[in-house]
Amino acid sequence: MYADLRRVYQFMHVLTGRVDGADCVGAYALDTVASDPEPAARFTQLCDAVVDTRQTDEGRELRVRGGRFGPRSWTAF
Numbered sequence: 004m005y006a007d008l009r010r011v012y013q014f015m016h017v018l019t020g021r022v023d024g025a026d027c028v029g030a031y032a033l034d035t036v037a038s039d040p041e042p043a044a045r046f047t048q049l050c051d052a053v054v055d056t057r058q059t060d061e062g063r064e065l066r067v068r069g070g071r072f073g074p075r076s077w078t079a080f
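In our numbering, the protein residues as written are 4 to 80.
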C-alpha cells in the first residue's frame, strides 16, 4: 500500500457514506494480488457487494459476494 491504511480507510468511510447518502452507487477497485488479506477484509466491510476476479487455465472468472446481482459462483467472463 502506498498510503497509511488508517487514513485511506477513513477517506473511504467518508466517501462511501456520502455516496450512500446521495442514494447513488459507487464502484471501487482494490488490487489484492500484492497485498496481505487484512486490508482487503477491512475495505470490503464498507461495501454492500464485492466482485472477485481470478485468472484460471481456462480464462478469467468472476463471482459476486453480497448484493442482489451477478453470479454467486465462479463464472467465465
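Think of the CB as a built atom: it goes at the ideal place given N, C-alpha and C, for glycine as much as any other residue.
Being a predicted model, the structure only gives us computed values, none of them experimental.
Between which residues of its own chain and residue i is the CB-CB distance below 7 Å, once the five residues before and five after are set aside?
i: SER76; result: ARG66
What does a CB cutoff of less than 6 Å around residue i pick up in its chain, not counting 5 residues either side in sequence?
i: ARG57; result: GLU64
i: GLY62; result: ALA79
Using DSSP bridges, identify the partner residues of residue i.
i: GLN58; result: ARG63
i: ALA32; result: None, per the DSSP bridge assignment.
i: VAL53; result: ARG68
i: ALA79; result: GLU64
So, using beta-carbon positions, are residue i and residue j closer together than 9 Å?
i: ARG45; j: ASP55; result: no
i: ALA43; j: THR35; result: yes
Which same chain residues, not among the five before or five after residue i, have their C-beta less than 8 Å away from its C-beta?
i: MET15; result: TYR31, PHE46 and LEU49
Just verifying my parser: in three-state terms, what is the DSSP assignment at residue i?
i: ALA44; result: helix
Please check if any C-beta of chain B sits within less than 9 Å of the C-beta of residue i.
i: SER76; result: The structure shown contains no chain B; it is built from a single protein chain.
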